[in-house]
Every structure is written in structure tokens, then in C-alpha cells.
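A short write-up of the structure that comes next.
There are 2 protein chains.
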Amino acid sequence: MSNTIPYKIYLSENELPKAWYNLRADMKNKPAPLLNPGTLQPLTADELAPIFCEELIKQELDDTTRFIPIPQEIRDFYKMYRPSPLIRAYCLEEKLQTPAKIYYKFEGNNTSGSHKLNSAIAQAYYAKKQGLKGVTTETGAGQWGTALSMACAYLGLDCKVYMVKVSYEQKPFRREVMRTYGASVTPSPSMETNVGRKILAENPGTTGSLGCAISEAVEAAASLEGYRYVLGSVLNQVLLHQSVIGEETKAALDKYGVKPDMIIGCAGGGSNLGGLIGPFMREKLLGEADYDIVAVEPASCPSFTRGVFAYDFCDTGKVCPLAKMYTLGSGFIPAPNHAGGLRYHGMSPVLSQLYHDGYMRAVAVPQTEVFEAAEMFARVEGILPAPESSHAIKVAIDEAMRCKETGEEKTIVFGLTGTGYFDMVAYEKFHDGKMDDYIPTEEDLAKFRKTLPEM
Amino acid sequence: MSNTIPYKIYLSENELPKAWYNLRADMKNKPAPLLNPGTLQPLTADELAPIFCEELIKQELDDTTRFIPIPQEIRDFYKMYRPSPLIRAYCLEEKLQTPAKIYYKFEGNNTSGSHKLNSAIAQAYYAKKQGLKGVTTETGAGQWGTALSMACAYLGLDCKVYMVKVSYEQKPFRREVMRTYGASVTPSPSMETNVGRKILAENPGTTGSLGCAISEAVEAAASLEGYRYVLGSVLNQVLLHQSVIGEETKAALDKYGVKPDMIIGCAGGGSNLGGLIGPFMREKLLGEADYDIVAVEPASCPSFTRGVFAYDFCDTGKVCPLAKMYTLGSGFIPAPNHAGGLRYHGMSPVLSQLYHDGYMRAVAVPQTEVFEAAEMFARVEGILPAPESSHAIKVAIDEAMRCKETGEEKTIVFGLTGTGYFDMVAYEKFHDGKMDDYIPTEEDLAKFRKTLPEM
């Protein structure tokens, strides 16, 4: 291992990106606008104002400004855990005996355990700057909720989290992390909101869903004085904030003159992938370079590979705007034994448009193979990966094995979005052979597709 | 925050220490030798050979060689997560409004979640080099077991962990991390060993203890072909391996011309503190500089502050050697509601001797105050600390507040040994007000002291 490229490429704090990159500015076909769920007309900034912070609305609607400066206060917070390392997977390469060169951008070295913090601090900052008292949000397994709690604690902002009830009960540890950061955490559906009461009346005993928690958080933000709603994925603004991942990755590679052939990221709502690919997609859109850009999704929740590109609701309660995206239908329910994360029915409108226009491709992978890849990765690289991130690991390993057959010396970069410390129940299932690989049938998908709005 | 010292000082991989520092070489009064529990005579290398690896025995008994080169293979592994950052606690300083300058060496950025990995990889490496099949060990909450599992997985060595039964049952997540790394984990006491069967016969229904798990792991190593026993704290060799913490800390401070006034570390068996203080204690022993060196222990398990300096057994089953150390007696049982770690009855013989000779001091702190400090730290510095590490945080904050009163601009360095992701049950107790501050009475301590051997 006498290579001159170190195991971990750390940029200095001075090299932290000074601006977020707005991918939309370079897209010929812009993502379609969000629609008002009542009128089905494009949403205006005024209509969004009761729900979102002013500055974030501007960012959400801005599809022309290429670079948006990162406020100094946010950069100071970033310095607590960024620049994050770009790691050369020497040990994995050796284990696989592949001629491929593998790098991963590791976003798990912070207490929220994932990249979510990059957008959480930005959203909390603009809420604070607007003079708000607090923010509301939803969380499933809790990564986003944890990240937002951390950001709010830092800024002295109130944080109300609606947590999917089954996670609240079965994953008490994430809940306790959020409480440590001073957030109030409510199991959803709750009796606190109209939509929660309605869902409980219709489905007594329901254990909740992400779509339902979103509806509750949005209602709470709209009805509470001095609160707004914030969201950790899907939205354009989130991809904007997450662009620090890709900018750092590119800067670190450039330092050593490395040009990747392939960029791989897991995709649930698209926050990580959209951030990771930024500068590479920029070159691709401008015709300056080509990269093989791959989104990886679970076979049990295949929005890209088996969904439709259409306007759909972002939430189950249908109180949120409609977005044009690859979707399985807002009524989609992931398989109950799906432990591996990435269970959202839709996908970032930006990524959806890019995928639709052929700038990236997508693959769907079954759950057991993802955990096999995760375990192998953990043993050789030392990092216990989040199930979500492990989707990208799986495809990177597959490609490295293909290179072994062909002799290609491809350079592969993937996003390792986070750690799996709070996912040991899923790992336990895997160890005990209790994990299965449910893949929805065409009939299943047709049923969920019926929940799409008629337009 | 326009200070030229960055938030995180990262050394480059080239600056990773090339040798471990052997503190004993510079001690005028060497730590007393380990004794054979049968003959009460100093243990020879031959007597230790059935239990420990050959090279590690050499390191254990060597109190003259100052620097021992780190084998390249171990340095390569270290590069996966080292050099670890030295962090300037700007946010904590601002929160406290103190003139003190606070730094912490953060050892939690690896999957084992603590500094334990530094010695785990060294011990596993020497076992592998000796051609052994595997190693045995004990673990309580599981930090050491996780670290050893990771190291063994990396080297392809079998790993048998005896885990205190109450932790095995109540903390299944750490167990699953160890299984992810391919270790076999047995709840202790078990029916697999003579000492386990004996303890179970005498105390049916016992939930185990660390001292008992040690006895089982030692017996297993001695009776299995091709296995040896390894231990994560207390031993001289462990302090040797952990010296990378202190060497890196000193190198990072030197880079910015910073000379600390005070070095603070939590102390259970002494592995972290012994490693952290290395180069500072070296200067102190050689009369080149002075530092205020402070060990922090829980008030509920006060080995330094209320123990005696005497020969004692290292385990409950009394199969292990005797060490001269500060001890509460090998029959010591920590309070059942003690959630904050650091519950070993004894202390590193090296640190014990240094403490006895006046080169360092010790303070004991109550549990609730430790968690208050931990929560404040988490909110401002973003890192969720392990309860063990939080003992050092507590004393660092106390000192910073004292500086605020006096106006002193002290430079304080403390060891942040790990993260608290697997300690959320303890945090939950704290949030729910169910934590109490049991402090053993003089009568309690006198009772445990009776378990000391008569010599």
C-alpha cells in the first residue's frame, strides 16, 4: 500500500465550499414546478410562506442562480464536522482483488450519523434569521429528526418532531438522542392535529407512516404562531444544501488528479445523491466531461426503476404540494419486513428530471444482498454502514467485481451517507436469517399507482 | 471565531506516531510486578505464555525500552481512523463565556466508538503473527468487545467474547455489532467453563460481572488449542498501545505552539488516561515541564480517591495474576443504578504508581452531574459523548467555570474517549429523572476491602 494517495483525504477548513451549487441552473429542462394541491396551479412564494421560511422559499423556487453563498454562521457549524473525509477503500480493493479504484465520501462522522445535518443547519439557520420560534418536521427511523434537533439546539430554536409511531416505539434510542438535543418528539399519528385525529379515527391502531407524519408536521407548522415546516429530502433546497458533499468530493479528487468514471449513490428521496453528483453532473450538463452516474434504490421500493414520472402528492394526507417526480403513488406502503431504509414513494423532482432526460441511470437491489455487502464492507473497511448507504456499497462492489473480470481499472466513487449504529435490529434480522427479499408484483404496483391524482 | 487555530486539528497520515511510548521507562519507581496467584511470586514470561501472546508478554514486562516501534501493518490499520482529531472547543468556550481555552482529543470516530481499537488491533496483530487461531476476551457494555471483533475480522482471526449476561440481554445492539464483525458472543457466566459453572452453581440466576467474565475468558484461552487471552485495559501493554493518543495530542498542540496547563481524562482501568498523558508525563518525570494531570472517576466506583494501594486480584474468580494498584477489592459490586461506565474495581498499576508518587491527582464526580455536562456538551459541540468520556467533560467544564471567576486563561486538554450511541438507556434514565447518585458509604467500602487478599 505504498500509493501516494492517503487512506483519507481531508480538505482543510479553508477549503470548505463557500457556496452551494444549484444544479437546476445548468439544466436545460428544469424540474416542473410544485403545484398547489387545491388549484393544481404552480405554487407562488406567497402561498408557500405560511409553511416554509422565506429564504428557503427563494432557494426552492430559484432555478437560475448557479452558486448561492453559504452564510458564515452555517460555515462555522459545518466546521464542527466538515470537510468530511474522502476515503480510498484500499482494504476493500484488496479484499476484492479488483483493479478498480474505489473511493467513498463518508458523511457519518457526526452525531446525527448522516449527511442530513448539512441541510438541517441551513434550514434551522434561516428559520432563526426570520425570527421564528421553532420548526416542525417528521422523521421515520430518526436520522433527519436527530440532525434537525442538533441544529436547533445549536441555534436555540424549538424543534417539534413527529416520529412514525412504530419507530417511536421500536427505536427508542434515536428518540432519546433527539431528547438529548432538547427536541419534543411526538408519535405519529397523534391526537394533536386534525389530520392525525382523522387518520386515527379511520385506522385505529395504525402504527403510522412517513407520509402521515409529514401531514401532521405541516399542519402543526401552519397552525402554530412562529413556526414553519422543514423537510430533510426531496425538495430542491435540500439538494442545494447537500451540494457541499459533491463539491468537497470533487475538490479532494482534483487534489490528487483523480477523475472518476462512475458516481454511485443510494436514493430514497434523493438528498444524498443529488448533493454528491453536483459538480460531476455540472460538467456532464455542460458537455465538459462524462460520468456514469448511478442511483441505487431498494427492489422493494423501486421509484426510479418501476415508478411513473408524474405529478403526485408528497404526503399521504394530501395536504402538501404536488411534485412532478418518479413515484409509486402516495398510497405506497413498503413491505413490513423491509428493514433497509429508503422507503419513500417519490423522488427528488431534480433527480427525476435528470433521470428522465438520460443523464443518470438507476438500479434496484434486493435487501439481503445489500446487507451482505454491508457486512463485508464493515469487516474490511472498519465502518459499520447504514442500511441506506449500503445500497451504494452493493453496487460499487458489483462494479468492482466486473472490473476484475474485464481487467478495467475504473475509478468508482460512492457516497457513504451514514453509520448503522441505530440499525442493529435490521442487522440482527440479517444475522438470524429472518430477512427476506420481497419485491412488489406488477399487481401491487398497479394498486398503489391508483393513488396517483388524476390530472 | 477568527482564531487561527482551526476547529479540528488533523495531523497527516505521515505524522501518525511511528513508535509507542513506554511510560514505565521514565518512571523512577516502576510499577510493582504482577504476581502468580498461586505462589505470590513475580510472574515470569514462561508462566504468562499459556495465557498471553509472546510479544505482548515482552511488552508487558518491559519497563526500560522507551519507544517501541509500531509495526507497519498496525500503522496501516491505524490509518483507517487515525490520526484522530484534536478539537478546539470554541462552541463550549463561548457557551461558558470562559477565558479558558479548551481542547479535546476525540477518539470516537471509528465503528467501535472508542479508543479501545488502538490496543485491540495491536493485540490481535501479535496473536496472528504468533500463528494463533484466535483470542478470547470479556466485555461489559461492549466497547472493548466491539473493538476486538473489528480487529480480528480485519486480520482473519477467531474472536470469542464473554459478555456480562445483563449487558448481553439488555444491550443487544452491541452484541449485534460484534456478530457483524464475525465474533462469537457468549453471555457470562456460561456453562462453557469450569469457573462459569461454579459461579452459576453458587449463584443461580446471577446476571454476571466483568470480573467473572474475565475469569471465563482466561480459562477458555488456557484450555483451547491455539487461543490466547487479551484484555482492553489495566495492563501495561494496553497503556503502551494507547500512547498514540497522547503522542498525537502533543504533536497537534506543538504545531500551533500551544502548551496545555491541565490534562484531564476519565479513568476506569486507565487505558485512555494512561495513553493520553504519555508525552506530558514524560516531560514531567524528566523535570522538563509541569502539567496538572487529573484522573476523573465516578463517585460510585472511587478506586483512586477512596481505594487502597495494594496487591489485589484482577478478576472475581481469582484465576488472574495479582497487580499492585489502587483497588476497592475484587469483590466490589458497583451500584445497580450506576449507568455511567467506569465500574472496574482496580486501576492500571502504572497510573496507580504515578498517583501514589504525586505525579497526578484524582477527583470523583457524581453521576447526574456527569450527564448534565454530557448533555450540555452534546448540544454545543455536536458530539454525543459516551458516559465514560463525560466524566472528563464534567471536570473540564468545572475548571473552565473556575477560570471565568478568576480570569485565568488556562489551556485545558481532555480526552473524549468515545461516543454514546449505545448508551441511550442511560441517557433515557437521565431524561426521565430516574438516575440517582449513589455514593458508597465507608461501611460499604470496608466490606469490599475485606475481599482483598491477605499478604
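Top to bottom, those sequences are chains A and B.
For the first sequence, our numbering assigns the number 1769 to the last residue and increments by one with no breaks.
For the second sequence, our numbering assigns the number 1769 to the last residue and increments by one with no breaks.
Ideal Cβ positions, reconstructed from N, Cα and C, are used throughout, including at glycine.
Where residue i and residue j are concerned, what is the direct C-alpha to C-alpha distance, given to the nearest angstrom?
i, j, result
"residue 1754/B", "residue 1630/B", "19 Å"
"residue 1588/A", "residue 1451/A", "21 Å"
"residue 1761/B", "residue 1682/B", "26 Å"
"residue 1429/A", "residue 1656/A", "14 Å"
"residue 1315/B", "residue 1469/A", "Confidence is the limiting factor: at residue 1315/B the pLDDT is only 39, short of 50, which leaves the residue's position unreliable, though a coordinate-based value still follows. One C-alpha to the other measures close to 16 Å."
"residue 1798/B", "residue 1385/B", "The structure shown does not extend to residue 1798/B, since chain B is modelled only from 1315 through 1769, so no value can be given for it."
"residue 1747/B", "residue 1741/B", "10 Å"
"residue 1764/A", "residue 1643/A", "7 Å"
"residue 1689/A", "residue 1494/B", "6 Å"
"residue 1675/A", "residue 1374/A", "25 Å"
"residue 1380/B", "residue 1336/B", "5 Å"
"residue 1444/A", "residue 1412/B", "30 Å"
"residue 1438/A", "residue 1696/B", "15 Å"
"residue 1408/B", "residue 1496/A", "19 Å"
"residue 1567/A", "residue 1573/A", "7 Å"
"residue 1543/B", "residue 1324/A", "37 Å"
"residue 1334/A", "residue 1739/B", "38 Å"
"residue 1749/B", "residue 1736/B", "17 Å"
"residue 1531/A", "residue 1363/A", "15 Å"
"residue 1383/B", "residue 1349/B", "28 Å"
"residue 1611/B", "residue 1709/B", "10 Å"
"residue 1389/B", "residue 1433/B", "12 Å"
"residue 1569/B", "residue 1508/B", "54 Å"
Could you pull the start and end residues of the beta strand (DSSP E) that residue i belongs to?
i, result
"residue 1725/A", "1725-1730"
"residue 1623/A", "1622-1627"
"residue 1477/A", "1472-1478"
"residue 1606/A", "1606-1612"
"residue 1452/A", "1448-1453"
"residue 1425/A", "Here residue 1425/A belongs to no beta strand (DSSP E), and DSSP marks it neither H nor E."
"residue 1578/A", "1576-1580"
"residue 1500/A", "1498-1502"
"residue 1469/A", "Not the beta strand (DSSP E): residue 1469/A falls in the alpha helix (DSSP H), residues 1457-1469."
"residue 1656/A", "Counting along the chain, residue 1656/A falls outside any beta strand (DSSP E), and DSSP gives it neither H nor E."
"residue 1770/B", "As shown, chain B starts at 1315 and ends at 1769. That puts residue 1770/B outside it, with no answer to give."
Residue range of the alpha helix (DSSP H) that residue i falls in?
i, result
"residue 1354/A", "Note, residue 1354/A: premise wrong, no alpha helix (DSSP H); not H, not E."
"residue 1771/B", "Examination of residue 1771/B is not possible in this model, given that chain B is present from 1315 through 1769 alone."
"residue 1537/A", "1524-1537"
"residue 1515/B", "1508-1516"
"residue 1767/A", "From DSSP, residue 1767/A is part of no alpha helix (DSSP H); its letter is neither H nor E."
Which residues in chain B have a C-beta closer than 7 Å to the C-beta of residue i? List them in chain order.
i, result
"residue 1493/A", "1745"
"residue 1490/A", "1738, 1741, 1742, 1745"
Please compile the residues from chain A whose C-beta is within a distance smaller than 7 Å of the C-beta of residue i.
i, result
"residue 1310/B", "There is simply no residue 1310/B to check, as chain B begins at 1315 and stops at 1769 in what is shown."
Name, please, each residue of chain A whose Cβ falls closer than 8 Å to the Cβ of residue i.
i, result
"residue 1451/B", "Under the 8 Å cutoff, chain A gives no residues; its nearest Cβ is about 18 Å from residue 1451/B."
Quick one: which chain B residues come within Cβ less than 9 Å of residue i?
i, result
"residue 1486/A", "1738, 1739, 1742"
"residue 1332/A", "What residue 1332/A touches in chain B: nothing, since even the nearest Cβ is about 16 Å away."
Whose Cβ in chain A lies nearer than 9 Å to the Cβ of residue i?
i, result
"residue 1320/B", "1326, 1327, 1328, 1393"
"residue 1773/B", "In this structure chain B extends from 1315 to 1769, so residue 1773/B is not present and cannot be described."
Whole beta strand (DSSP E) runs in the segment 1671-1702 of chain A with 3 or more residues, listed along the chain?
1675-1679
Taking beta-carbon pairs under 8 Å, can you tell me which members of the segment 1689-1701 of chain A lie near chain B?
1689, 1692, 1693, 1694, 1695, 1696, 1697, 1698
Using a Cβ-Cβ cutoff of 7 Å, what residues of the segment 1407-1434 of chain B are near chain A? List them in chain order.
1423, 1424, 1425
Considering only residues of the segment 1372-1414 of chain A, which uninterrupted alpha helix (DSSP H) runs meet the minimum length of 4 residues and lie entirely inside it, listed in chain order?
1386-1392, 1404-1410
Between the segment 1381-1400 of chain B and chain A, which residues of the former have CB atoms less than 7 Å from a CB of the latter, in chain order?
1390, 1393, 1394, 1395
Taking Cβ-Cβ distances below 8 Å as the criterion, which residues of the segment 1455-1476 of chain B are in contact with chain A?
1464, 1467, 1468
Quick one: which residues of the segment 1496-1507 of chain A get their C-beta closer than 7 Å to a C-beta of chain B? List them in chain order.
1496
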